[in-house]
Amino acid sequence: MLDKEFLSIYLKSLFEEELLEEIVKVGRLKSFEKNEILIQLDQTIIYMPLILHGAIRIMRDDEEDGELLLYYLEKGDTCAMTMTCCLGKKISTIRAIAETSGQVILIPVQKMDEWLGKYPSWRAFVFNSYQERLDEMMRSIDNLAFKDTKGRLQNYLIEVASVNKSRLINKTHTEIAYELNTSRVVISRLLKALEKEGFLSQQRNSISIL
DNA sequence: TCATTAACACGGG
DNA sequence: CCCGTGTTAATGA
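Residue numbers for the first sequence follow the working numbering, beginning at 47 and rising by one.
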């Protein structure tokens with residue numbers, strides 16, 4: 047099912063030959079559909095996901111306070127939370143949901159550990175991913191701490207447009223409110239305001255950024 | 001001032 | 001009829 051030719055299309059620039067072969071040997075290809083829940087809260091992680099294409103949103107969960115979008119994962123990314131979970135053999139503190147359909151390679155935890163010492167390119171990849179996720183988190187925190195809801199909404203829309211590779215955003219006000227952890231009334235009001243400013247146009251069930 | 005909750009009207013599918 | 005949207009009124013941080 048997994049063959050080297052196929053993998054090379056996505057990962058050639060990232061890893062050396064032998065590592066690609068190992069990935070072919072132990073990795074499992076998984077396709078996912080839009081809105082599929084890939085990792086649930088409190089789930090034990092046994093695979094590390096490597097994203098070939100598509101986008102996945104990572105949500106932080108809080109019992110009292112609902113959920114909040116942390117960041118998106120795209121082609122070539124892997125989940126930093128998963129990596130810490132794997133190394134510490136911990137359960138997940140996040141939820142991963144498919145934003146679009148796509149494919150991932152699942153790599154068993156033991157292998158990811160083993161490769162760290164064996165392949166420089168893997169080591170670089172892991173640290174790099176970690177660094178990138180940390181940066182993303184910092185951006186999210188800045189967003190939360192220093193921007194008003196309108197600014198957060200604008201950034202959110204731009205990010206969603208970017209991962210979906212489309213200016214059309216097929217989300218309802220309710221869904222957006224949920225991901226930004228605010229109420230729908232506010233989203234409706236702000237979207238209306240942004241529409242008046244000429245930042246976007248609205249249709250039922252979708253928004254287009256101009 | 002701006003967010004939240006509840007309530008209601010309107011319209012499309 | 002149900003859902004998504006627009007709006008208002010009351011309350012709170």
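In this text, a Cβ means the ideal position worked out from N, Cα and C, and glycines have one as well.
Taking 8 Å as the threshold, find out whether the stretch 146-160 comes into contact with the stretch 104-118 through three or more Cβ pairs. no
Through-space distance from leucine 84 to serine 186, alpha-carbon basis: Counting from 1 along the first sequence, the entry for residue 186 is found at position 140. Counting from 1 along the first sequence, the entry for residue 84 is found at position 38. Each residue's alpha carbon lies about 22 Å from the other.
Taking Cβ positions, are threonine 124 and leucine 87 nearer each other than 8 Å? Here residue 124 is taken as the residue at index 78 of the first sequence, counted from 1. Here residue 87 is taken as the residue at index 41 of the first sequence, counted from 1. No.
Give me whichever residues DSSP pairs with valine 150 in a beta bridge. On the first sequence, residue 150 is found 104 positions in, with the first residue counted as 1. Paired residue(s): Lys76, Ile97.
Mind checking who alanine 144 pairs with in its DSSP beta bridge? Counting from 1 along the first sequence, the entry for residue 144 is found at position 98. Paired residues: Ile102.
Would you mind listing the alpha helix (DSSP H) stretches within the stretch 168-222 that are 4+ residues and don't spill past its ends, in chain order? 195-210
Top-ranked residue by Cα proximity to leucine 199, from Gln177, Ser234, Met183, Val209: Position 153 of the first sequence, counted from the first residue, corresponds to residue 199. The shortest Cα separation from leucine 199 among Gln177, Ser234, Met183, Val209 belongs to Ser234.
At least 3 beta-carbon pairs within less than 8 Å: the stretch 135-142 vs the stretch 159-177: no
Nearest to threonine 218 (by Cα), restricted to the options Gly122, Gln248, Ser212: Sequence index remark: in the first sequence, residue 218 carries index 172 (1-based). Of the listed residues, the one whose Cα sits closest to threonine 218 is Gln248.
Which residue marks the beginning of the alpha helix (DSSP H) containing glutamine 156, and which one marks its end? The residue you call residue 156 lines up with position 110 of the first sequence. Looking at the DSSP string, the run of the alpha helix (DSSP H) that includes glutamine 156 is 155-164.
What's the gap between the Cα of glutamate 120 and the Cα of leucine 152? For this step, residue 120 is matched to residue 74 along the first sequence. For this step, residue 152 is matched to residue 106 along the first sequence. Looking at the two C-alpha atoms, the distance is approximately 15 Å.
C-alpha gap between threonine 220 and leucine 237, whole angstroms: To locate residue 220, count along the first sequence from 1; it is residue 174. To locate residue 237, count along the first sequence from 1; it is residue 191. If I take the Cα positions, the gap works out to 12 Å.
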